[in-house]
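Heads up: the sequence shown begins at 27 in my numbering, then just goes up one per residue.
We put the beta carbon where it would ideally sit given N, CA and C, even for glycine.
So the structure is just underneath, and the comments pick up after that.
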Amino acid sequence: METKLKNIHIERLKDRFQQMASIGRTESGGVTRLALSPEDREARELLVHWMQKIGLATRYDDVGNIYGRLEGREKNADAVLIGSHIDTVPNGGQFDGTLGVLAALEVVQSIKEQQKELKHPVEIVSFTNEEGARFTPQMLGSGVVANEFTREYVYERKDMKGLSFYDQLKKIGFVGSEANRLKNGKAFLEFHIEQGPVLEAENLPVGVVEGIAGFAWMEVIINGQSNHSGTTPMHLRQDPLVAAAAIIKELHDFAKNKKDGTVITTGRIQAFPNIINAIPSQTIFSIDVRHAERKSLESTIAEIKKIVEQHAGEVKMDMTTEEIWTKHPVSFSPKVISVIEQICKQQQTPFKRMISGAGHDAMYMNAITDTAMIFVPSVAGKSHCKEEETSWDDIEKGMNILYDTVCKLANGDSESL
Ligand code: HGY
Ligand code: MN
Ligand code: MN
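Written out as structure tokens, the structure reads:
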């Protein structure tokens, strides 16, 4: 069914979207499709099937990144790359990542159907383990392609059950070859939901993303004294869970009082032996700290370590702060940003330039080629939860911008790039 879009079939996108959203759907209406899980495998196989059905050359690399390629007039010209991820957080939303991959598929299929023989090839990429919900840190697939991580480092990453990335990748049948990795590109574009409140608050359908805030993921390990919950007087306790609670609360208040955009989150906490009637022997909790400026992120990381040390001294418990991974803020390509802006103006689509507080594969692609992102609004700014929602009206507007940007870049119209 034709729509008011440039032959882009929004109904076809919606249909694929519903099919993909049904993979890993939870009782409460969210989606759980953890990286390298059986659900991820099903989603991957469906994506490859769709790519092949529209005639794209498909492949996957040694960390399971999936590629679908539409050739251009100049076979050896660098490809315009568009992509995102299809893995989700537990009980997450249907739009985060998946929308970007399916939008890319729709754009490429529309280009093919219109026999638009573009100068540059166009390549869709679906990156492995963007979320980092199962294997930390996040964005392992795009990070390997950008040489941020070695394959060995990634293969040895373990999930909370001690299962390795490599074994799980092998189990789902997506261990491809290193030769299949993307090496460079003409440009990389990621279409994504904003996952925040800004566009909705300003009633804007499109965000032109100039960069992404940096993040540091850490873990604090506290060793206390396990003991009987019924017989140990309060003044004789060395309780690592109580110590953790005090630190988590202090870090929360510290970030809140900075009022400079710093965000600190503890999303995961473990107590051992994790039973009702024993004071824990050890507690481990996560810290996710973010800021758009490198200096501020660095000083906050230092501050966090100091706060943990202070608490360790006060309660006389052994505490260590381990850094899992730090990725500093990135600024995107002014050239790609201006192409997207020009197209918004041509299409009279209101937009604003903005920074992403959420991390994306584009952070690593930015090291390989000219990169930028197009955001569409999130209803009530919610994401990483079952309430995640974006209107199809806004998606249509964003898709139109994505479509024209891809054609302009792939047609070599903006040779300045
Ligand atoms: O954590 C993030 O920012 C992304 O959703 N993985
Ligand atoms: Mn995402
Ligand atoms: Mn996410």
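*Among Arg263, Ala270 and Val235, which has the Cα closest to the Cα of Glu245?*
Ala270
*Distance cut-off 7 Å: Glu157 Cβ against heavy atoms of ligand 3*: yes
_Gly169 beta carbon near ligand 3 (any heavy atom closer than 7 Å)_ = no
*What residues match up with Lys353 in a beta bridge as DSSP calls it?*
Phe241
_Could you check if Gln251 belongs to the surroundings of ligand 4, using beta carbon to heavy atom distance under 7 Å?_
No copy of ligand 4 appears in this structure; the ligands present are ligand 1, ligand 2 and ligand 3.
*For ligand 1, is there a heavy atom less than 7 Å away from the beta-carbon of Gln120?*
no
*Going by DSSP, what residues sit across from His111 in a beta bridge?*
Phe153
*So, using beta-carbon positions, are Leu128 and Met46 closer together than 8 Å?*
yes
*Would you kindly work out how many angstroms separate the C-alpha atoms of Thr416 and Val133, rounded to a whole number?*
19 Å
*Just to confirm, does Ala242 get its C-beta within under 7 Å of one of the non-hydrogen atoms of ligand 1?*
no
*Under the DSSP definition of a beta bridge, which residues are partnered with Lys378?*
Gly233
*Less than 7 Å between the CB of Gly385 and some heavy atom of ligand 1, yes or no?*
yes
*Should Val74 go down as buried or exposed, given a rule of 16 or more other Cβ atoms within 10 Å for buried?*
buried
*Please confirm whether Ser436 and Val148 have their CB atoms less than 8 Å apart.*
First, the residue type needs correcting, since residue 436 is Ala and not Ser in the sequence shown. Contact: yes.
*If you draw a straight line from the C-alpha of Gly438 to the C-alpha of Ser325, how long is it?*
43 Å
*Between the C-alpha atoms of Leu72 and Gly202, what's the straight-line distance to the nearest angstrom?*
17 Å
*asked:* Please determine whether the Cβ atom of Ser110 lies at a distance below 7 Å from any heavy atom of ligand 2.
replied: yes
*asked:* I need the boundaries of the beta strand (DSSP E) containing Met4, first residue and last residue.
replied: Nothing in the structure corresponds to residue 4, since the chain is present only between 27 and 443.
*What do you reckon, is the C-beta of Ala123 under 7 Å from a heavy atom of ligand 3?*
Reading off the sequence shown, one finds Gly at residue 123, where the question assumed Ala. Flag set: Cβ of Gly123 near ligand 3.
_For Thr346 and Asp193, I'd like the C-alpha separation in whole angstroms._
30 Å
*To the nearest angstrom, report how far apart Thr29 and Glu422 are at their CA atoms.*
Since pLDDT at Thr29 reaches only 41, below the 50 mark, its modelled position is unreliable, and no value is offered.
*With a 10 Å radius around its C-beta and 16 neighbouring C-beta atoms as the bar for buried, classify Met186 as buried or exposed.*
exposed
*Roughly how many angstroms separate the alpha carbons of Lys184 and Ile80, rounded to a whole number?*
36 Å
*Excluding the 5 residues preceding and the 5 following Gly98 in the sequence, name in chain order all residues of the same chain whose CB lies nearer than 8 Å to its CB.*
Ala105, Glu143, Leu144, Lys145, His146, Pro147, Val148 and Ala436
*Candidates Gly385, Ile112, Phe358 and Ala61: which alpha carbon is nearest Leu215's?*
Phe358
_Close beta carbons around Gly169, own chain, < 7 Å, minus the five adjacent residues each side_ = Phe175 and Tyr390
*Is Val115 near ligand 3, going by C-beta to nearest heavy atom under 7 Å?*
yes
*Are the Cβ atoms of Val224 and Val89 separated by less than 8 Å?*
no
*Quick one: what's got a C-beta closer than 6 Å to Ile327's C-beta in the same chain, skipping five residues either side?*
Ala242
*To the nearest angstrom, report how far apart Gly158 and Thr395 are at their CA atoms.*
23 Å
*asked:* Counting C-beta neighbours from all protein chains within 10 Å, is the total for Gly293 16 or more, i.e. buried, or is it exposed?
replied: exposed
*Does ligand 1 have a heavy atom nearer than 7 Å to the CB of Gln140?*
no
_Could you check whether the region 280–291 touches the region 308–323, counting it as contact only if at least three pairs of C-beta atoms, one from each stretch, sit closer than 8 Å?_
yes
_In this structure, how does DSSP classify Leu96 when only helix, strand and coil are distinguished?_
strand
*Does ligand 3 have a heavy atom nearer than 7 Å to the CB of His317?*
no
*So is the beta-carbon of Gln135 under 7 Å away from any non-hydrogen atom of ligand 1?*
no
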